[in-house]
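A.B. asks: Once you've had a glance at the structure underneath, I'll fire off some questions.
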Amino acid sequence: MSVVRPQVTVSDDPDRPAFLARLDDGTEAGGAYYRRRGDVVIFTHTEVDPAYEGQGIGTRLVAGALALVREAGGTVVPLCPFVRAWMDRHPEHDDLLHARTDLGSRTAGPGPDQANPAQAGQE
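Using the numbering used here, the first residue of the sequence shown is number 9, and each one after it goes up by one.
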């Protein structure tokens, strides 16, 4: 038996602000909510309507949102646990991680020109 997954379109709704997953009939199936700081998208919360859970909507929502961020030349900070876990499983999107985050081993830290002030002069 095959499982039919609904078609999903992801779009950015900056007025909410959220990336929204919509089905072909226009039904909103989920959203990835964010804050924006210039070109940086800070994902804060993701939710899928319970009626559509288990159908891959969340996965397609995050993948689509990241594609839109990439297309716009932005970077992301995945504060939302779902987005962060999804990115952990898809390291091919690591280039989208904002370089100045402190969210784990796969994100870049401060550059050599931004040494820790507490360590200054301790050579």
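The beta carbon of each residue, even a glycine, is placed where N, CA and C say it ideally should be.
Once the 5 residues before and after L87 are set aside, which same chain residues still bring their CB inside 8 Å of it?
C.D. replies: Counting only Cβ-Cβ distances below 8 Å, and skipping sequence neighbours, we find I50, F51, T52 and L111.
A.B. asks: My guess is that L69 and A40 are in contact by the Cβ rule of under 8 Å, so how many angstroms apart are they, rounded?
C.D. replies: Confirmed, about 5 Å.
A.B. asks: Quick one, are the C-beta atoms of G66 and T83 less than 8 Å apart?
C.D. replies: Result no, Cβ atoms of G66 and T83 do not sit closer than 8 Å.
A.B. asks: Within 10 Å of its beta-carbon, does R30 have 16 or more other beta-carbons around it, so buried, or fewer, so exposed?
C.D. replies: Per the 10 Å Cβ criterion, buried.
A.B. asks: Excluding the 5 residues flanking M1 on each side, which residues of the same chain have their C-beta closer than 7 Å to its C-beta?
C.D. replies: No answer is possible for residue 1: the residues shown for the chain start at 9 and end at 131.
A.B. asks: May I ask you to list the residues that DSSP assigns as paired with L31?
C.D. replies: Paired residues: V16.
A.B. asks: Would you call the CB atoms of L105 and V77 closer than 8 Å?
C.D. replies: No, the Cβ-Cβ distance between L105 and V77 is not below 8 Å.
A.B. asks: For A128, collect the residues of the same chain with a Cβ closer than 7 Å to its Cβ; drop the 5 residues on either side in sequence, then sort them by chain order.
C.D. replies: Residue confidence is low: A128 scores 40 on pLDDT, short of 50, so the model does not pin down where it sits. No coordinate-derived value is stated.
A.B. asks: Which value, in whole angstroms, describes the spacing of the CA atoms of A17 and D23?
C.D. replies: First, the amino acid is wrong: residue 17 is Thr here, not Ala. For T17 and D23, the distance between alpha carbons rounds to 18 Å.
A.B. asks: So what's D110 in DSSP terms, helix, strand or just coil?
C.D. replies: Residue placement at D110 is flagged as unreliable, the pLDDT there being 48, under the threshold of 50; the coordinate-derived value follows with that caveat. Coil.
A.B. asks: Ordered along the chain, which non-local residues of its own chain (more than five positions away) have a Cβ less than 6 Å from that of P25?
C.D. replies: Cβ within range, chain order: Y42.
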